[in-house]
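Report on one structure; see the data block that follows.
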Amino acid sequence: MSSPDATAMAVTDGTVVWVGADEPGRALHPDAEIVELDGAFVAPAFVDTHVHTTALGLKLTGLDLSRARSGWECLHLLHEYAAANPTGVIWGHGWDDTGWPDAVPSVRDIDQAAPGRLVYLSRVDSHSAVCSSALLAATPGLGNADGFTHSAVLRTDAHHQVRLAALSALDVSQRDRARRAALDEAARRGIVAVHECAGPYISGKDDLRELLALDHGIDVRAYWGARAESAEEAQALLADTGAHGLAGDLFVDGSIGSRTAWLHDPYTDHPESGCGNGYLDADEVAAHVRACTEARVQAGFHAIGDAALSTVVAGFERVVGELGGPAVAALGHRIEHAEMITPEQAAKLGTWGVIASVQPCFDEAWGGSEGLYARRLGTERALAMNPFSTMAAAGVSLSLSSDAPVTELRPWAAVRAAA
């Protein structure tokens with residue numbers, strides 16, 4: 488149904504059944520109720536292709552730290568919230584230490600602000616967090632995890648473990664209230680469907696099952712970020728989780744803000760961080776794409792840094808060589824973020840039918856010559872990020888999303904930021 492010069496539309500039982508000019512519309516639907524829109528612009532509702540529903544709802548119903556302009560203010564917000572909510576887990580999200588005049592709160596600081604409480608405070612990118620000593624103690628095996636430090640920011644495996652521990656400690660009513668708040672917010676923003684990017688390191692199976700069982704008007708398409716080695720394993724993972732695909736946050740790397748995105752060259756502002764973190768190699772990427780393609784299941788990966796993207800493209804290329812481009816393209820496999828993609832990589836992915844789920848508001852928030860990306864990577868690398876026009880010209884289908892709660896559900900803002 489395409490009519491770029493349309494001035495009228497017909498709706499029957501909530502479904503748009505016709506689009507065109509006024510006169511034929513009236514003739515075809517003589518008994519219809521006519522609603523004059525006085526020149527208003529009408530567009531289809533949005534689909535946000537990368538969200539974390541429960542985490543978004545916890546931000547909306549709980550402790551929103553995006554207002555904090557310093558570590559001290561972050562602690563002040565925590566103290567106020569703890570006083571107003573004397574029981575239960577404290578889940579806070581959204582602190583961004585870029586430009587703070589003081590340090591990120593330590594475990595000791597958090598314990599003083601909320602004595603004895605289970606406290607989880609995730610950075611705005613959701614790839615690192617600071618926590619209370621009570622939560623650290625409640626997380627089994629944490630001391631042996633990569634990325635663990637008792638007094639400072641938790642990253643990589645240590646962060647994944649405390650996040651799951653905090654989520655598991657929430658009661659059912661907290662999680663249910665959070666999900667409903669998130670989906671209500673989606674509806675308020677003109678979003679009728681979301682793609683939930685769940686996984687064993689970010690939310691867990693119980694969270695996904697509870698979300699899919701929720702009775703709400705917003706449609707949820709679920710992705711599970713776990714790797715399959717065979718077609719049989721791919722089908723088993725879908726059956727076990729209720730997911731529609733094995734994609735989304737299947738992590739090849741982390742984020743630039745937390746210095747865990749996997750780079751070819753070290754971080755400019757903190758060379759001690761090296762080149763970030765790589766979680767999968769090209770063989771593992773290829774095995775997953777192969778398994779999913781043979782099982783007719785949509786596959787995908789989270790890849791932000793240039794080294795991560797090189798790894799993903801290399802993995803896809805191997806499977807294309809084995810199974811053929813048409814077999815791979817038929818599934819519409821995905822890459823989340825793809826922020827440091829090169830023109831050559833875009834050309835290959837476009838040929839292979841790979842979709843890029845991108846977040847234009849990331850670039851709006853952290854891009855440019857003086858933003859976070861420039862601080863972390865230097866101006867040259869930062870300004871080359873998120874080349875949406877290059878990707879589109881190469882045939883890569885772009886799906887715009889928020890990665891909420893990393894950025895807000897603001898679909899029109901995403902459209903403007905992508906322009």
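The opening residue of the sequence shown carries number 488 in this note's numbering; numbering runs sequentially from there. We treat Cβ as the ideally placed atom computed from N, Cα and C, and that holds for glycine. Being a predicted model, the structure only gives us computed values, none of them experimental.
Query	Result
Does the structure place the segment 735-754 close enough to the segment 608-620 that three or more beta carbon pairs sit under 8 Å?	yes
Here's the rule I'm using: 16 or more other beta-carbon atoms within 10 Å means buried, otherwise exposed. How should Asn631 be labelled?	exposed
Tell whether a beta-carbon distance below 7 Å holds between Gly677 and Ala532.	yes
What is the DSSP secondary structure of Ile689, reduced to helix, strand or coil?	coil
Just list the residues that DSSP pairs Gly712 with in beta bridges.	DSSP, once it has assigned bridges, lists no residue as partnering Gly712.
So, Cys561 versus Leu552, is the Cβ gap smaller than 7 Å?	yes
Ordered along the chain, which non-local residues of its own chain (more than five positions away) have a Cβ less than 7 Å from that of Gly704?	Ala674
Among Pro588, Cys762, Met872 and Leu622, which one has its Cα closest to the Cα of Pro602?	Leu622
Around the C-beta of Val503, are 16 or more other C-beta atoms found within 10 angstroms, so that it is buried, or is it exposed?	exposed
Consult DSSP for Asp988 and reduce its assignment to one of helix, strand or coil.	The structure shown does not extend to residue 988, since the chain is modelled only from 488 to 906, so the question has no answer here.
Give every residue of the same chain whose Cβ lies closer than 6 Å to the Cβ of Gly865, excluding the five residues on either side of it in the sequence, and list them in chain order.	Thr755
Starting from the N-terminal side, write out each stretch of the alpha helix (DSSP H) that is 4 residues or longer and does not extend beyond the segment 507-540.	509-515
Could you give the C-beta distance for Leu550 and Gly579, rounded to a whole number, given that I count them as a contact under 8 Å?	4 Å
Ala713 and Leu724 look like a contact to me (Cβ under 8 Å); what is the Cβ gap, rounded to whole Å?	6 Å
Can you pull the DSSP bridge partners for Tyr860?	Tyr860 pairs with nothing; no bridge assigned.
Using a Cβ distance threshold of 8 Å, determine whether the segment 726-736 contacts the segment 817-825, with at least three qualifying pairs required.	yes
Measure the Cβ-Cβ separation of Ser844 and Thr536 and say whether it is below 7 Å.	yes
How big is the Cα-Cα spacing for Arg640 and Ser609?	A small fix is needed here, since residue 640 is Val in this sequence, not Arg. Rounded to the nearest angstrom, the two C-alpha atoms are 9 Å apart.
Grouping DSSP H, G and I as helix and E and B as strand, with all else coil, what is Met912?	Residue 912 cannot be examined here, being either before or after the span of the chain that is shown, 488 to 906.
Starting from the C-beta of Leu651, find all residues in its chain whose C-beta is less than 7 Å away, skip the five residues before and the five after it, and write them out in chain order.	Gly691
Are Ala721 and Ala769 closer than 7 Å when you measure CB to CB?	no
Helix, strand or coil, according to DSSP, for Thr499 in the structure here?	strand
For Ala786, does the three-state DSSP call read helix, strand or coil?	strand
By Cβ distance below 7 Å, which residues in the same chain neighbour Cys848 in space, the five residues on each side in sequence not counted?	Ser889, Thr894, Arg897, Ala900, Ala901 and Ala904
Below 8 Å on the Cβ atoms is my guess for Ala817 versus Ala881; work out the distance and round it to an integer in Å.	Not really, about 19 Å apart at Cβ, beyond 8 Å.
Are the Cβ atoms of Trp749 and Gly765 separated by less than 7 Å?	yes
Among the candidates Arg604, Thr780, Val498 and Glu759, whose CA atom is the shortest distance from the CA of Pro517?	Val498
Which term fits His637, buried or exposed, when burial requires 16 or more other beta carbons within 10 angstroms of its beta carbon?	exposed
Quick one: grab the DSSP three-state call for Val640.	coil
How is Ile828 classed by DSSP in three states: helix, strand or coil?	coil
Does the Cβ of Pro830 have 16 or more other Cβ atoms within 10 Å, making it buried, or fewer, making it exposed?	exposed
Please specify which runs of the alpha helix (DSSP H), each continuous and at least 4 residues long, are wholly inside the segment 567-604, giving them in chain order.	594-600
Taking DSSP as the reference, what is the three-state secondary structure of Arg610?	strand
Asp706 to Leu699, Cα distance in whole Å?	9 Å
Can you tell me whether DSSP reads Phe738 as helix, strand or coil?	strand
What do you reckon, are the CB atoms on Met827 and Met878 nearer than 7 Å?	no
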